[in-house]
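**Q**
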């Protein structure tokens, strides 16, 4: 075990993390996973998640990637319909969906809902993993254990990671692969660099936006003056990943460049507004500093990293973030996102550098995390899409989805009202009746009457449909939360034991 050598008066440690750190990471993973399982959603609302869920169901039931006609896919070259989204998450979720379909048949519940609940466990596990990776990344960047531990918890509770842990979107998986690739790239061995380059290929199958990861790592290797073959490896990984995705396109649509999505949404029109808005605008789809307040302090963390460890490590983290930021500034987004969804994969790196803050900086970090939790907490019991549905019913969806110009209609300032309305309706709604109408479209102009928007967005709320009292689920959920808190406490004890170990100031 290392001696915990630290740089006096700073948030830095000279050693890389020891074997003891892995136990701290395990407790962080378990704590976040158990906490989020207590708030697992009873289903998936929206096109993106259900689209990928249908792929997983087809892999289980049909053994192929096709999806039912009318479920949001595009017509393929063989006359079947295919998802326009990404293959890796549906593949990983397949065993979970298999369990969900079995449970639905066994409990006589709509199998689409039970499959969705089990699929959402994947997002929970990935978020728990990313939380641990923030700790490991922070340690590898030189943070002391206390700072790295706080940064990891602030990532989980103070950013939109909390929201997307409960969605079946590609972002949690993309975050996990990006964070791991960055962690390996920051290592020194050639084996770690091969791993980083391999993940630079895999990340593209999670979502094509992952194409920025390989070049960012290659640039870091170049700045570090590693041998040329190491600089080239991440580029090769990116090329291999693109070839896999081209093959997936060809299998579906007979054209390597056709993914089923509208490529014309890449445009220079509005580029500057999106570039600034992704960070500063509170409007829909933007507002990194609004929806993830702790990331403001990443600016200071990057400065400290540059000052104490040099340009290279800082450029590794900043390069990954800048890649996602610049890429999506060219994309004319307008979907029903919560905050800067496209910057979610960069959050682990940004939060890792906040572990380098000193004690005073950590107090600010915890304060901003409390603000971030208040911003994102409504999604723990309801669907954030509820507000968008209400705006659509009121004829104000354009305003609600505006990045600039209609801040009064931004979801950030309206989510709590929508949350209270959904909770009020849930108190008087018969869950069994809602589930019996599963899959039926809502009345025209009344999108907020959709089945899942009439109930609390937690698994234990729908237990009466299976003949189990809600109280049983509430007790079990409380036990999960208590177990999660115990894991945090035990992890913190390990941190403090290390902090009080003999150290040497330099």
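In the numbering used here, the protein residues as written are 3 to 508.
Backbone N, C-alpha and C fix where the C-beta goes; we use that ideal spot for every residue, glycine too.
Keep in mind it's a predicted model, so treat the numbers as computed, not measured.
Under the three-state reduction of DSSP, which class applies to residue 77: helix, strand or coil?
**A** The answer is strand: DSSP assigns residue 77 an E or B state.
**Q** In chain order, what residues of the same chain have a beta carbon less than 8 Å from the beta carbon of residue 327, not counting five sequence neighbours either side?
**A** Contacts found: 277, 280, 281, 345, 348.
**Q** Taking just the CA atoms, how far does residue 178 sit from residue 60?
**A** Approximately 25 Å between the Cα atoms of the pair.
**Q** Contact defined as beta carbons within less than 8 Å: I believe residue 30 pairs with residue 134. What is the distance between those atoms, to the nearest angstrom?
**A** Indeed they touch by this definition, with Cβ atoms about 5 Å apart.
**Q** Taking Cβ positions, are residue 411 and residue 447 nearer each other than 7 Å?
**A** No, the pair does not count as a contact, with Cβ atoms beyond the cut-off.
**Q** Looking at C-beta atoms only, is the number of pairs between the stretch 141-157 and the stretch 362-382 that lie closer than 8 Å three or more?
**A** With the cut-off at 8 Å, the stretch 141-157 and the stretch 362-382 touch.
**Q** So within the stretch 442-492, which uninterrupted beta strand (DSSP E) runs reach at least 3 residues, ignoring any that extend past its ends?
**A** Taking only runs of at least 3 residues, no beta strand (DSSP E) segment lies wholly in the stretch 442-492.
**Q** Return the residue from the list 286, 462, 50 that minimises the CA-CA distance to residue 406.
**A** That would be 286, whose Cα lies nearest to the Cα of residue 406.
**Q** How about residue 490 and residue 33: are their beta carbons less than 7 Å apart?
**A** In this structure, residue 33 lies closer than 7 Å to residue 490 by Cβ.
**Q** Classify residue 430: buried if its beta carbon has 16 or more other beta carbons within 10 angstroms, exposed otherwise.
**A** Exposed.
**Q** How big is the Cα-Cα spacing for residue 83 and residue 74?
**A** Residue 83 and residue 74: Cα-Cα distance of roughly 9 Å.
**Q** Assuming residue 111 and residue 454 form a contact by the criterion Cβ under 8 Å, report the distance between their Cβ atoms to the nearest whole angstrom.
**A** That pair is no contact at about 14 Å.
**Q** Taking three-plus beta-carbon pairs below 8 Å as touching, is the stretch 377-384 in contact with the stretch 418-429?
**A** Result yes; three or more Cβ-Cβ pairs closer than 8 Å.
**Q** Would you list the one or two residues that DSSP bridges to residue 249?
**A** BP columns for residue 249 are empty, so no partner.
**Q** Excluding the 5 residues preceding and the 5 following residue 36 in the sequence, name in chain order all residues of the same chain whose CB lies nearer than 7 Å to its CB.
**A** 482, 485, 486, 489.
**Q** Below 8 Å CB to CB, which residues in the same chain sit around residue 339 once its five sequence neighbours on both sides are set aside?
**A** Only 286, 287 meet the Cβ criterion.
**Q** State buried or exposed for residue 152, treating a residue as buried only when at least 16 other CB atoms are found within 10 Å of its CB.
**A** Buried is the call here.
**Q** Going by beta-carbon coordinates alone, are residue 92 and residue 54 separated by less than 7 Å?
**A** Result yes, Cβ atoms of residue 92 and residue 54 sit closer than 7 Å.
**Q** Quick check on residue 79: buried or exposed, where buried means 16 or more other Cβ atoms within 10 Å of its Cβ?
**A** By the 10 Å Cβ count, residue 79 comes out exposed.
**Q** Can you round the beta-carbon distance between residue 86 and residue 262 to whole angstroms, since I take them to be within the 8 Å contact cut?
**A** Confirmed, about 3 Å.
**Q** Taking the beta carbon of residue 229 as the centre, do at least 16 other beta carbons fall within 10 Å, making it buried, or is it exposed?
**A** That one is exposed.
**Q** Among the candidates 315, 295, 324, 264, whose CA atom is the shortest distance from the CA of residue 215?
**A** Ranking 315, 295, 324, 264 by Cα distance to residue 215 puts 324 first.
**Q** Taking 7 Å as the cut-off, decide whether the C-beta atoms of residue 125 and residue 89 are in contact.
**A** Not a contact, by the Cβ cut-off of 7 Å.
**Q** Taking 7 Å as the threshold (C-beta atoms), are residue 401 and residue 390 in contact?
**A** Not in contact: residue 390 and residue 401 (Cβ atoms no closer than 7 Å).
**Q** In this structure, does DSSP put residue 8 in helix, strand or coil?
**A** For residue 8, the predicted structure reports a pLDDT of 48, less than 50, and the residue's modelled location is therefore unreliable. The matter cannot be settled from this model.
**Q** Are at least three pairs of beta-carbons, each pair with one atom in the stretch 261-275 and one in the stretch 351-363, less than 8 Å apart?
**A** At 8 Å Cβ cutoff, the stretches do not touch.
**Q** With a threshold of 7 Å on Cβ separation, who are the neighbours of residue 472 within its own chain once the five nearest residues in sequence on each side are excluded?
**A** Around residue 472: 462, 463, 465, 466.
**Q** Which runs of the alpha helix (DSSP H), 4 residues or longer, sit entirely within the stretch 162-201?
**A** You should have 163-166, 173-187.
**Q** Helix, strand or coil for residue 69, going by three-state DSSP, please let me know.
**A** If DSSP states are grouped into helix, strand and coil, residue 69 belongs with the strands.
**Q** So, is residue 301 buried or exposed, given that buried needs 16 or more other C-beta atoms within 10 angstroms?
**A** With fewer than 16 other Cβ atoms within 10 Å, it is exposed.
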